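Colleague: Residue numbers (our numbering), protein chains in the order written: chain F, 2 to 329; chain S, 88 to 349; chain Y, 4 to 413. A virtual CB, placed ideally from N, CA and C, is assigned to each residue, including glycine. Note that the structure is a prediction, hence the values are computed from the model and not measured.
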Amino acid sequence: MTLPRIGTPTILGFAIAALILASVPWLVPAYVSFELTFAGAYAIAILGLIILTGYNGQISLGHGAFMAIGGYTVAIAGQAWGLAPELSILLSALLCGLFGALVGIVALRLAGAYLALATYSLAVAVAPVLKRFKDLTGGAQGLTLTPLHVPAPFAALGSERYLYYETWFLAAVLFAASWFALQGRLGRALRALRDNEIAAISFGINASYYKSLAFAWSAALAGIAGSLIALATAYVSPDGYSLVLSLTLLIGAVLGGLSSLWGALAGGLVVEFLPIWAGTLNPAASSLIYGIALIVVMIVVPAGIVGAIQRAVFTITRPRTEGTSRRS
Amino acid sequence: MDVVNFAQGEMAMFTTFIAWQLLSMGWPMWLAFPATIVIAFVGAVLLERIVIRPVERASQLTIVIVTLGLSITINGLAGWFWGYQLKSLDSPFPSTPIHVGDISFSSQDLGIIVFSLAVLLAIYFFFAKTKLGLAMRAAAIYPAESRVLGVRVSWMLALGWGLASVVGAISGIMVAPIVFLDPNMMQGILVYAFAAAVLGGLESPLGAVVGGLSLGVVLNLLGNYVEAIGTDLRLPVAFGIIVAVLVVKPDGIFGRARVTRV
Amino acid sequence: MRMNRRIWMTALVPVAALGMVAGSLSQAKSDAVPGVTSTEIVLGGTHPYSGPASAYGIIGKGIAAYFQYINDQGGVNGRKITYKDLDDGYSPPQALQLTKQLVESDHVFAMFNSLGTPVNTALRPYLNDQKVPQLFVATGATKWGADASKYPWTIGWQPDYQAEAVVFGKDIIKNNPNAKIGVLYQNDDFGTDYIAGLQKGLGAKAGQIIKTASYEVTDPDVRSQIATLKGSGADTILIAATPKFATQALAAIGGLSWKVTTYLTDVSSQQTVMHAATAAGGAAATNGVISAGYTLDPTNTSQANLPGMKLYREIAAKYAPSSDASNASLLYGMGVAYTMVDILKAAGKDITREKVMAAAEHISEKNPFLYSGVDVTTSPSDRFPIREEYLMKYDNGLWNPAGTVIDARR
């Protein structure tokens with residue numbers, strides 16, 4: 002297998018981002034690091050959604066359900082079995098990946114609005130199911146997590162910064178892993194299935210395999226994100242996993258830009274800070290401001306933030322052609 | 088549009104509030120309700136021209152997010168104008184129940200069923216038997232070819248929104264006396280509308296009605312008679328059933344299989 | 004050249020994206036006592052102004068109105084009160100982030116009346132850890148008063164749901180010892196707390212709850228649940244539902260011509276509910292309904308001349324003119340703000356967080372916005388500020404007190 006070529010630009014971009022993100026906690030107040038931790042977790046979930054919806058063309062209105070599984074796994078595993086958070090996160094990823102694959106298999110026959118409804122059902126089912134099995138999940142009262150224990154070598158960081166680094170480290174690793182995986186055959190297969198499934202199948206691409214894989218991977222990412230948020234909040238309850246969460250992820254993916262994995266970074270930051278900004282401007286009108294902001298952004302940059310940046314940069318730096326383009 | 092329009096429910100709620108406003112300003116019902124319907128139509132067409140038109144050519148998902156933003160904005164606007172305290176809307180139907188043997192039906196419920204069927208028939212006739220209806224259908228499925236034939240595709244879309252808004256306003260007015268009016272009124276209902284539409288097959292209005300009815304019946308039977316499910320799990324179970332149906336019939340019960348060019 | 008372009012592209016994205024964060028930074032203030040200057044006390048809070056619980060956002064407006072009224076009279080011990088109230092959308096993670104922002108960036112003196120059991124459960128460990136007062140939370144869960152030893156910086160205000168249900172349970176046994184009871188409840192902490200309280204109040208007879216039916220806040224209506232409860236043969240029903248669903252429930256009971264003794268949670272006893280239910284379901288839907296109360300009701304015309312109601316109208320008209328003064332939640336906001344001002348006064352000019360908590364443990368207050376006879380009292384061993392309620396019965400458009408004030412926790 003030939004290793005994919007990594008261009009200098011991508012490494013540079015990655016390095017700059019990593020540098021900025023690594024230094025931020027030392028430059029901003031602790032609560033901003035806290036908020037950025039959430040942004041990072043959302044970015045991970047949105048990364049999965051960009052792969053599923055942007056690269057593979059499958060819409061999902063239900064990824065909040067995987068975040069719920071992730072969150073509750075960490076809560077229950079930590080409480081009941083004393084499992085270390087990092088191991089719980091791994092467990093969440095596995096469980097969600099499995100469940101995601103199952104959903105993906107069911108979704109194989111569906112597309113467009115029909116797929117949207119099927120995934121919508123997931124989102125709608127989360128809260129009632131969580132409340133029903135209250136012996137396991139604490140029901141409507143939720144579960145409080147034991148406070149995060151920072152491992153000895155990192156004790157000086159404090160729990161907020163530690164979680165920040167853990168989140169963004171995971172985000173970077175998952176981003177890189179996804180990026181690599183998408184460079185070769187996998188990426189081409191996913192995109193081919195998105196653009197024209199029948200043609201892709203006729204070329205010998207195994208639709209069932211790739212489509213379920215995309216679902217599984219995006220579900221696992223959402224599960225990891227849910228676990229991180231649960232660790233940050235130290236509390237899980239059914240109210241935290243409403244339909245709004247699934248829609249928020251979708252908003253983040255589209256606003257960030259479905260055409261590039263970098264959209265996850267933009268999307269994560271937007272869904273974290275846009276509501277806060279709207280609420281600080283005027284709490285009573287926060288949904289008004291948020292809704293209008295969404296509409297305006299989508300009208301101005303229909304391809305998402307990253308899409309717009311790509312286009313802007315292209316316009317600025319495109320090679321100028323000799324002569325005029327006027328034709329008679 | 089190939090996915091879901093999130094603004095539908097909120098527009099229905101908003102127009103119902105307008106009806107309430109007119110009634111509370113003293114307008115008689117026979118004036119207020121038709122006025123509301125006209126406002127609903129005009130408002131929706133304007134909305135489509137101003138908000139949706141700029142992104143008409145963009146990807147489906149972009150349009151979905153715009154409708155999401157629209158639904159959030161309209162909800163916020165309704166809360167801003169009318170607050171969140173619930174309001175009563177007078178029902179156009181009489182409140183005396185109708186008795187058939189041992190069972191009593193509320194005139195409201197019967198009225199809703201009758202009216203819905205009437206609306207369904209009207210829509211069917213419009214789309215199937217009128218030139219304008221044909222033009223709208225053509226614009227939705229074959230936009231490029233319709234343009235060549237002189238159909239103003241963009242305006243057909245606006246018309247579609249107007250029509251949908253009218254149906255939404257009618258449904259809001261009919262249902263508000265039962266569930267009572269507040270900005271979040273339609274959000275619970277949208278779930279069922281979405282499910283019904285998809286279950287029935289997106290191209291079939293008859294399918295939507297059949298889907299809606301069967302969904303409602305199944306939900307209530309499940310919740311009442313199956314102890315293990317109870318009232319709290321009936322929605323997830325019902326949706327599970329829908330997904331199962333869709334797996335068997337991916338285009339809905341009445342939908343026709345999609346034929347696409349490769 | 005193409006290389007350069009792509010460097011631009013990939014590098015600009017993270018930089019541009021991170022630029023959004025800059026707006027939320029603010030300068031750090033360092034005061035001796037956070038949130039207190041010689042002229043100002045800053046309080047923080049979160050309420051749901053958006054999302055499914057947005058009906059309760061108006062509480063924040065009531066609080067703001069009352070604080071402005073007090074400020075115009077010179078404030079508390081010479082200081083004006085500033086209340087920074089943010090929208091948490093009823094989401095615990097969102098509320099926690101905003102609370103951290105309020106505590107660490109805005110340096111609020113105390114958190115006041117954040118709303119919701121899940122929200123406050125998420126905030127409680129952090130605020131207690133940071134020794135920031137979590138005052139008069141807007142939820143009736145029992146834990147705020149019961150967990151005082153573990154979380155000394157947290158205190159509730161309103162009568163807890165369980166206690167109210169205990170009162171109902173005891174009333175049922177008194178009037179109909181062999182009652183067959185059905186319960187309609189909202190499937191969250193509020194509803195489940197009610198059932199727990201009812202079971203406690205019924206004691207040995209808890210088995211007489213023959214059917215419970217729940218609904219989700221996202222459900223459109225509850226007629227189906229009422230039909231189920233009627234079908235179970237219950238002759239008594241407890242409606243543990245928020246106003247919209249309580250209205251639907253009462254209307255459905257009338258519509259089904261169901262003869263049943265109805266107990267209604269105080270949360271939904273406003274006249275807006277009763278009027279709407281009567282209009283939809285007939286007088287039979289609402290006559291004889293039993294509820295409990297502790298605040299005044301702005302839609303109850305027989306209370307119009309009470310001094311507290313007059314004060315309420317005056318403040319609402321002047322400081323919250325765009326809010327709906329018939330909304331009982333607006334009055335609730337003023338009621339809890341009154342208690343807040345009370346303990347700020349009691350803590351004195353030399354105010355600290357510890358002093359405010361001490362004052363919160365020694366309240367003895369007659370609050371004008373509450374029914375006469377319902378007092379606000381606390382002691383170090385009793386952290387339930389309001390424990391008393393009136394039972395009341397609805398008759399042809401009016402709530403009539405049925406008996407004397409009851410201590411719901413006894």
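Could you give the C-beta distance for L157/S and G292/F, rounded to a whole number, given that I count them as a contact under 8 Å?
Modeller: Yes, L157/S and G292/F are in contact; Cβ-Cβ is about 7 Å, under 8 Å.
Colleague: Please confirm whether V351/S and S122/F have their CB atoms less than 8 Å apart.
Modeller: Since the displayed chain S opens at 88 and closes at 349, residue 351/S lies outside it and no answer follows.
Colleague: Does any residue of chain S have a CB that is nearer than 8 Å to the CB of K132/F?
Modeller: K132/F counts as touching chain S.
Colleague: Please compile the residues from chain S whose C-beta is within a distance smaller than 7 Å of the C-beta of Y218/Y.
Modeller: What Y218/Y touches in chain S: T318.
Colleague: Find the nearest neighbour of P55/Y within the set V332/S, P121/S, G275/S, judged by alpha-carbon distance.
Modeller: Of the listed residues, the one whose Cα sits closest to P55/Y is G275/S.
Colleague: Across which residues does DSSP place N403/Y in a beta bridge pair?
Modeller: For N403/Y, which the question treats as bridged, DSSP gives the partners K396/Y.
Colleague: Evaluate I310/F with the Cβ neighbour count: other Cβ atoms within 10 Å of its Cβ, from every protein chain shown; 16 or more gives buried, anything less gives exposed.
Modeller: I310/F should be labelled buried.
Colleague: Can you give me the start and stop residues for the alpha helix (DSSP H) that K103/Y sits inside?
Modeller: That run of the alpha helix (DSSP H) goes 95-107.
Colleague: Quick one, which of K352/Y, S227/Y, K348/Y, L126/Y has its alpha-carbon nearest S367/Y's?
Modeller: It is K348/Y whose Cα lies nearest to the Cα of S367/Y.
Colleague: Could you check whether the Cβ of F281/S sits closer than 8 Å to any Cβ belonging to chain F?
Modeller: Yes, its Cβ sits closer than 8 Å to a Cβ of chain F.
Colleague: Hey, is D128/Y's beta-carbon within less than 8 Å of any beta-carbon in chain S?
Modeller: Looking at the sequence itself, residue 128/Y is Pro, so the reference to Asp does not match. So, not an interface residue.
Colleague: Flag this pair as touching only if the stretch 231-242 of chain Y and the stretch 173-186 of chain Y have three or more C-beta atom pairs under 8 Å; answer yes or no.
Modeller: Judged by Cβ distances under 8 Å, the stretch 231-242 of chain Y makes contact with the stretch 173-186 of chain Y, as three or more pairs qualify.
Colleague: Indicate whether the contact test is met: 3 or more Cβ pairs, each with one atom in the stretch 99-106 of chain S and one in the stretch 251-265 of chain F, closer than 8 Å.
Modeller: With the cut-off at 8 Å, the stretch 99-106 of chain S and the stretch 251-265 of chain F do not touch.
Colleague: Are there 16 or more other CB atoms within 10 angstroms of the CB of H50/Y, so buried, or fewer, so exposed?
Modeller: So H50/Y counts as buried.
Colleague: Closest by CA to A144/Y, which one among W156/Y, Y393/Y, P162/Y, L138/Y?
Modeller: With distances taken between Cα atoms, A144/Y lies closest to P162/Y.
Colleague: Got a sec: which bits of the stretch 277-303 of chain Y sit with their beta carbon under 7 Å from any beta carbon on chain S, in order along the chain?
Modeller: Going along the stretch 277-303 of chain Y in chain order, one finds A279, A282, A283 with a Cβ nearer than 7 Å to chain S.
Colleague: Look at A328/Y and P301/Y and say whether their C-beta atoms are less than 8 Å apart.
Modeller: Yes, these two residues count as a Cβ contact at 8 Å.
Colleague: Near R234/S, which residues of its chain fall below 7 Å by C-beta distance, leaving aside the five closest residues on each side in sequence?
Modeller: V240.
Colleague: If you pair each beta-carbon of the stretch 52-63 of chain F with each one of the stretch 203-222 of chain F, do three or more pairs fall below 8 Å?
Modeller: Judged by Cβ distances under 8 Å, the stretch 52-63 of chain F makes contact with the stretch 203-222 of chain F, as three or more pairs qualify.
Colleague: Using CA atoms only, rank isn't needed, just tell me which of V151/S, N307/S, I340/S is closest to G294/S.
Modeller: With distances taken between Cα atoms, G294/S lies closest to I340/S.
Colleague: Could you tell me the alpha carbon to alpha carbon distance between G78/Y and I84/Y, rounded to whole angstroms?
Modeller: About 7 Å.
Colleague: Going along chain S, which residues have a C-beta under 7 Å from A126/F?
Modeller: Residues of chain S passing the Cβ test: P323, F326.
Colleague: Exposed or buried, which one is A31/Y when buried takes at least 16 other CB atoms within 10 Å?
Modeller: Here A31/Y scores only 42 on pLDDT, less than 50, and its place in the model should not be relied on; the value that follows carries that caveat. By the 10 Å Cβ count, A31/Y comes out exposed.
Colleague: Would you mind telling me which residues of chain Y sit closer than 9 Å to L155/S, beta carbon to beta carbon, in chain order?
Modeller: Near L155/S there are no residues of chain Y at all, since even the closest Cβ is about 14 Å away, more than 9 Å.
Colleague: Would the stretch 290-304 of chain Y count as touching the stretch 260-273 of chain Y if we require 3 or more Cβ pairs under 8 Å?
Modeller: Result yes; three or more Cβ-Cβ pairs closer than 8 Å.
Colleague: Looking at the unbroken beta strand (DSSP E) that takes in F267/S, where does it start and where does it end?
Modeller: Neither: F267/S is in no beta strand (DSSP E) and is coded neither H nor E.
Colleague: I'd like to know if L289/S contacts chain F, where contact means its C-beta is closer than 8 Å to some C-beta of that chain.
Modeller: With 8 Å as the cut-off, L289/S counts as an interface residue toward chain F.
Colleague: Looking at the C-beta of V138/S, does it have a partner C-beta in chain F at a distance below 8 Å?
Modeller: Yes, contact with chain F.
Colleague: Roughly how many angstroms lie between the CA atoms of M261/S and L333/Y, to the nearest whole one?
Modeller: Rounded to the nearest angstrom, the two C-alpha atoms are 30 Å apart.
Colleague: For A172/F versus C97/F, is the C-beta spacing smaller than 8 Å?
Modeller: Not closer than 8 Å, so no.
Colleague: Rounded to whole angstroms, what's the CA-CA distance from A340/Y to M273/S? Just pull it up for me.
Modeller: Answer to the nearest angstrom: the Cα atoms are 33 Å apart.
Colleague: With a threshold of 8 Å, are at least 3 pairs of Cβ atoms found where one atom belongs to the stretch 64-72 of chain Y and the other to the stretch 100-111 of chain Y?
Modeller: No, they do not touch.
Colleague: In angstroms, rounded to a whole number, what distance separates the CA positions of S27/Y and E273/F?
Modeller: At S27/Y the pLDDT is 44, less than 50, meaning the model places this residue with poor confidence; the figure from the coordinates comes in the next sentence. Looking at the two C-alpha atoms, the distance is approximately 12 Å.
Colleague: Kindly list the residues whose CB is nearer than 6 Å to the CB of A284/S, restricted to its own chain and excluding five residues on each side of it in sequence; keep chain order.
Modeller: Excluding residues within five positions, the ones whose Cβ falls inside 6 Å are A295.
Colleague: So, with DSSP's three-state summary, where would you put H64/F?
Modeller: In the structure shown, H64/F sits in a helix (DSSP, three-state: H, G or I).
Colleague: Can you list, in chain order, the residues of the stretch 48-64 of chain F whose Cβ is nearer than 9 Å to any Cβ on chain S?
Modeller: Against chain S - using a Cβ distance shorter than 9 Å - the residues of the stretch 48-64 of chain F are T54, G55, I60, L62.
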